[in-house]
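A short write-up of the structure that comes next.
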Amino acid sequence: MPTSDERQSDPEGLISQVVKIVETARDDLNGSLGTVISYNVERNRYSVNVWLQNVPQIFSLKPGNLIKASAIEKAKYSAQNMFSEFQRLQKDPRVRDQIRTMYQSSQRFLPSFLSPERFALLSMLLFILGIKFLGLSKMFMLLSLLSLPIVVSLEDIQRGTDMKSIVRNFPKNLRKTVVQTTGFTGVSEKVALVGFAIVVCLSIKILVTNPTPLPRQMTRPPTPVDASSMNSFSAEDMYKLGYDDGIEKKSFGTSLPAEASLILPSEQQGLDANLEGGFDSADDINWQYNSPSPPNSPSSRFGTASMLSLFHLGRTVKNLATGPDGRLNPQIFVANARMMEPMQMGLVGLSAYGLLKAFF
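Residue numbers (the numbering used here): 814 to 1173.
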């Protein structure tokens, strides 16, 4: 329950929410979507950030002019923000200068016969082939694994540092990246390298492990007669023997060689019954064969979903247990865990179930 001070600073609970603007004097503003930034208690107005003509603008509006956006409107607002941000970055001269610098830096790392454009086309071709042979999920994992060292050493690459210096500075840059990403300040360079090696090993294991095929039903015909034992009988000979038996009113198969009657004992009676009844009960013969399920080892079930569950659990535990000083505190973890939202608790439960399912 919000306290009285919280209700006073945000009476409608709209701060940080996506809202829809309605019933204002400006027709161009009505129906627009924006994000509530703050609330002015003295004026009883909310400050809303709205993108108009691809330019962010701040408006001060009354609570009656704002309603919470629906899920579809939130998705539309996010797409509009991404498109507007892309257009802004595209026109930003600083971004263009940075792209030009990265283009020139990439030329120093590529062979003389391979331009950046050809390298991009070759990478696209390899990406398509990788999706065909590895699958989409494994290909994205491979790209993430290959791009991780590049992201860690991006600052050195942009400065045009030589390869030896980039390799030498990699542990320091890796530790800085881990600290910025996770918030753990007590991480040493060795611990960061060990964690990086574990991630690489798990990723390689998933990439080289083939998924266990599911058992499927197979339809098998009756066991074929050995061809080597009937080489001396042609189709015409077999037909002639059967025809002569029919003329002499002998039972079916009397003159046929013994090898022709080598049918499975469990199916002989059904076949004889079908011959006598004119094949009216041919469906009674059970040709179905269920192949046995292959044994599944726990290690074969540890895949991409298990890694994502592991990362989500680790991230959640870190956020719940980290105190204001940046250190882990069990008491803070217990207090934050009790205040978790039901949706967040459900995601944690699904992640824990997916991780345990890989081992049990």
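Just so it is clear, CB atoms sit at the ideal spot from N, CA and C, and this is done for glycine as well.
For secondary structure counted as the alpha helix (DSSP H) over 4 or more consecutive residues, the segment 963 to 1025 holds these complete runs in sequence order: 967 to 971, 976 to 995 and 1002 to 1021. For residue 908, the three-state secondary structure derived from DSSP is helix. Within the DSSP secondary-structure output, residue 881 pairs in a beta bridge with 832. Secondary structure of residue 1129 (DSSP, three-state): helix.
Taking a contact as a CB-CB distance under 8 angstroms, the pair residue 991 and residue 1000 counts as one, their CB atoms being some 5 angstroms apart.
Ranked by how close their Cα comes to the Cα of residue 1006, the residues 983, 1017 and 1019 have 983 in first place.
For residue 954, same chain residues with a beta-carbon under 7 angstroms away, outside a window of 5 residues either side, are 1016, 1019, 1020 and 1117 in chain order. Shortest Cα-Cα distance from residue 1022 to any of 989, 951, 825 and 1158 involves 951.
Taking 7 angstroms as the cut-off, the Cβ atoms of residue 867 and residue 900 count as close. Ranked by Cα distance from residue 1166, the first of 1152, 1120 and 1142 is 1120. Leaving aside the five residues that flank residue 870 on each side, the residues in its chain whose CB is nearer than 7 angstroms to its CB run, in chain order, 863. Per the DSSP secondary-structure output, residue 872 pairs in a beta bridge with 861.
Taking a cut-off of 8 angstroms for Cβ pairs, the segment 880 to 899 and the segment 850 to 859 do not touch, as fewer than three such pairs fall below it. The C-alpha of residue 956 is placed about 12 angstroms away from the C-alpha of residue 947. Within the DSSP secondary-structure output, residue 943 pairs in no beta bridge.
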